[in-house]
Structures are given as C-alpha cells and as structure tokens.
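Here the sequence shown is numbered in my numbering, starting from 2 and rising by one per residue. Just so it is clear, CB atoms sit at the ideal spot from N, CA and C, and this is done for glycine as well. To start, the structure itself, in structure tokens.
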Amino acid sequence: MVNGAPQPEPERLEWPVGEESDRLAGLFQDAQALLREQRVGQLALLLPERGGLHQPGYFVVAPRIALETLIRLAAVTLEIPVAMLERATVRARMGCEKTGGLDKYLDRVVGNAVGKYWAAGRGLAAMVALAAEKS
C-alpha cells in the first residue's frame with residue numbers, strides 16, 4: 002500500500018537499470034518483497050526444454066538463469082519451498098498429451114488469459130503452479 006491505497010498486482014519482475022552485477026542486490030530485495038507481499042506459499046519454476054537442435058548461447062540464457070537463481074534464493078531465505086518441474090512432469094500432472102508445446106494446452110488446463118504477459122510466460126507459470134499443487 003502506498004498512502005493507504007492498494008497497489009495493482011505486479012505484472013512482471015524487471016531487471017533494474019544499471020550494470021548487471023550492481024543490480025543483483027536490489028533485484029534480490031525486490032523479489033523477497035514481492036514474495037512477502039503476495040504471501041507466496043510455494044514457488045514453482047518450469048525447467049527449459051532438454052536437447053533439441055537449437056541450443057541458445059550464453060548471452061541468451063545467462064539473464065534467465067540469474068533471474069531464476071535470485072528468485073529461488075529469495076524464496077529459500079523466506080523459507081518458501083521451491084519446486085523445479087520438468088515439462089514432462091507438468092504434462093503428466095495436467096493430463097496433457099506428449100506432443101506440441103505446453104502453451105497449446107493452456108486454454109484447457111488453466112482457462113482464460115489473464116494479464117498482458119499471458120502469452121509471454123504468465124500462462125505457463127499458471128500451469129506450472131497448478132502442476133506443483135498436484136505433487
């Protein structure tokens with residue numbers, strides 16, 4: 002709350018401006034604050050696809066790995082359990098076929114799109130959260 006007014010749900014956790022190493026502490030604190038504010042009881046992350054022909058390079062995956070590690074560390078320091086789920090596990094728990102991308106099953110598993118980042122990962126995050134609850 003700011004000045005007694007509730008704040009809108011966060012749309013996305015963004016990298017702060019500045020040199021990457023210098024912004025790690027601030028992002029870690031932001032992640033902790035967000036986890037506290039949202040009263041997160043468990044954190045679930047979807048692991049990337051294994052294998053395949055296209056393997057992204059360091060500069061593509063490094064920011065994702067850094068962000069995921071900061072969020073996981075923030076959760077662990079707040080004693081929030083963290084589940085790292087393989088795509089095959091999500092498929093099995095949610096009753097999805099083994100073909101096609103997981104996003105193909107969003108409408109059936111999760112329902113209607115919510116928020117402007119639904120197609121950019123929020124939908125898959127919702128599916129992974131539901132799969133983690135079924136552990």
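8 Å CB neighbourhood of residue i in its chain, flanking five on each side removed
i, result
"ARG73", "LEU44, LEU46 and VAL83"
"ALA120", "ASP104 and ALA114"
"VAL129", "ALA45, LEU46, LEU47, LEU86 and VAL91"
"GLU69", "LEU46"
9 Å Cβ cutoff met for residue i and residue j
i, j, result
"ALA34", "LEU86", "no"
"ALA75", "LEU36", "yes"
"ILE66", "GLY42", "no"
"PHE29", "LEU79", "no"
"GLU50", "ARG88", "yes"
Beta strand (DSSP E) segment containing residue i, residue limits
i, result
"VAL83", "83-86"
"ALA114", "Run containing ALA114: none; DSSP gives neither H nor E here."
"ALA45", "44-47"
Cutoff 7 Å; reference residue i; Cβ partners in own chain excluding five residues on either side
i, result
"LYS135", "ARG94"
"ALA127", "VAL111"
Buried or exposed (CB count within 10 angstroms, at least 16 for buried), residue i
i, result
"GLY96", "exposed"
"ALA63", "exposed"
Other residues of its chain near residue i: CB distance less than 6 Å, five sequence neighbours each side excluded
i, result
"LEU107", "GLY124"
The ligand ATP heavy atom lying under 8 Å from the CB of residue i
i, result
"ALA75", "Among the components of this structure there are no ligands whatsoever, and the ligand ATP is therefore not found."
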